Structure formats: structure tokens, C-alpha cells
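Undergrad: Below is one structure. I have some questions about it.
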Amino acid sequence: DSLAVNNGFKHTWYEYIPEQLRGTQEKVPLVFYFHGGGCVPLYGAEQSDWHKIAKKENFIVVYPKASIAKTWNAFDDLSQPSDFAFVLALIEHIKKIHPIDETRIYLSGFSMGSMMSNAMACAYPNIFAAASALNAQHFGYLSNMAKMMLNLSAGMGPKPSEEKLNEISHTKILADEAKKKK
Numbered sequence: 008d009s010l011a012v013n014n015g016f017k018h019t020w021y022e023y024i025p026e027q028l029r030g031t032q033e034k035v036p037l038v039f040y041f042h043g044g045g046c047v048p049l050y051g052a053e054q055s056d057w058h059k060i061a062k063k064e065n066f067i068v069v070y071p072k073a074s075i076a077k078t079w080n081a082f083d084d085l086s087q088p089s090d091f092a093f094v095l096a097l098i099e100h101i102k103k104i105h106p107i108d109e110t111r112i113y114l115s116g117f118s119m120g121s122m123m124s125n126a127m128a129c130a131y132p133n134i135f136a137a138a139s140a141l142n143a144q145h146f147g148y149l150s151n152m153a154k155m156m157l158n159l160s161a162g163m164g165p166k167p168s169e170e171k172l173n174e175i176s177h178t179k180i181l182a183d184e185a186k187k188k189k
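Numbers 8 to 189, taken from the working numbering, label the letters of the sequence shown in order.
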């Protein structure tokens, strides 16, 4: 479904609603698990087992799929489909179908998925109660993609232009705006 974001880009996600919560009006927590780069949501489900915990602890878990070739747009690069817009629209979509406790929306992910968790938590601290990042360091989503790629390539390949290196990521802009609102 496009969820009316990213110019109709088709997004994919899997959601797990424990049987005991289906049809209830009880407001429950919502957990997002972001798969690692190069992976898919079902691998993330197998890796994390959040659905097993959700069944036992009474919450809903969502496993979204990254928009760009199995990698998350943690920079919220405006020239690419926005995974931020996707996740925010997905929250609104799920709230229409299931009673969600909006004070208990959580983020988790592995590797690049944890980078996405951290980036979303920084950009939208008023929406997410907490984030649990697993096995990833800060690769620059608060700086920009050109600097991250330069750091990852360790000088192998062409150096990005000074203009690209000096760009500020959209994630940092959103995080700075969120800080001002506190």
C-alpha cells in the first residue's frame, strides 16, 4: 500500500497482532522492528522474535520493509522515498485499525535498522517513547550520507564534492527542530 506517501510508492510491512488482542478496545503498545541493511522484514522477525514476546506481553509489533534496495533512508534524504514518512503514515494507519497507546510506541532494529531506530527517535522524540538500537554505531545520519560513505570507504573511490560533504542531513534538521520544541 502507498499509505498516501512518497508519491504512491508501494510500501510493505508485516504486522503481528496477538490473538488475544484482536477485536479488543484495550490500548496496547506498538513496537517497530527495522531489519538490517540487505535484509527483509521476515528475516528481522525471525532474528528478533518480537512477535513471540508480543504474544506473551500483549503488544503489537510491526516489521516494515526499507524503501530503497533493502536499505533504510535514515538520513531522510529528500531525493529518495522517505522511510520517515512511511513509518509516520504507518502509525496513523495502524491507529485506525487497532487501539494503540500513543504514549508507548517503541523502535528497535538491528545494524542499519538500529541506525533507523536512532534516527527516528532523534527526529521525533515526541512520538516515540524509547528506542533500542542493536549492533550499530552512529554512521552519520545526523551529518550526511556523503560523509558516511567517505568514512565507510576509507578513501577508496572518488571523494565527494565539498558541497556534498557540507550538506546537512534532513534528519539533523528534524532533530534540531524537535530539540527547540522541548
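Each residue gets a CB set at the ideal place from its N, CA and C atoms; glycine is no exception. Predicted, not measured: the structure shown is a model, and the values here were computed from it.
#1: Whole angstroms is fine: what's the gap from I60's alpha carbon to G120's?
#2: Among Q87, S118, S74 and S86, which one has its Cα closest to the Cα of L19?
#3: Which residues share a DSSP beta bridge with E170?
#4: Would you mind sorting K72 into buried or exposed? The rule is 16 or more other CB atoms within 10 Å of its CB.
#5: Who are E22's beta bridge partners in DSSP?
#6: Which residue comes first and which comes last in the alpha helix (DSSP H) that contains T178?
#7: On the criterion of 16 or more Cβ atoms from any shown chain inside 10 Å, does E22 qualify as buried, or is it exposed?
#8: Find out if the Cβ-Cβ distance for the pair L37, I112 is shorter than 8 Å.
#9: On the DSSP bridge assignment, give the partners of I112 in chain order.
#10: Who pairs with A138 in a beta bridge, going by DSSP?
#11: Return the first residue and the last residue of the alpha helix (DSSP H) that K62 is part of.
#12: M129 lies in the alpha helix (DSSP H); which residues open and close that run?
#13: Between the C-alpha atoms of Y7 and H100, what's the straight-line distance to the nearest angstrom?
#14: Among K186, A185 and K179, whose alpha-carbon lies nearest the alpha-carbon of D83?
#15: Please tell me whether L85 and G116 are closer than 8 Å, where the distance is taken between their beta carbons.
#16: Ignore the nearest five residues each way along the sequence and tell me which others in G15's own chain have a CB closer than 7 Å to its CB.
#17: Out of S118, V94, L97 and N133, which has the shortest C-alpha to C-alpha gap to G51?
TA: On the basis of the supplied data:
#1: 19 Å
#2: At residue 19 the sequence reads Thr, which differs from the Leu that was named. The shortest Cα separation from T19 among Q87, S118, S74 and S86 belongs to S74.
#3: BP columns for E170 are empty, so no partner.
#4: buried
#5: Answer by DSSP bridge pairing, in chain order: V69.
#6: H177 to K188
#7: buried
#8: yes
#9: L37
#10: L114
#11: K62: member of the alpha helix (DSSP H) spanning W57 to E64, first to last residue.
#12: Residue identity check: residue 129 is Cys in the sequence provided, not Met. Looking at the DSSP string, the run of the alpha helix (DSSP H) that includes C129 is M119 to A130.
#13: The requested residue 7 is not part of the displayed model; the chain covers only 8 to 189.
#14: K179
#15: no
#16: S9
#17: S118
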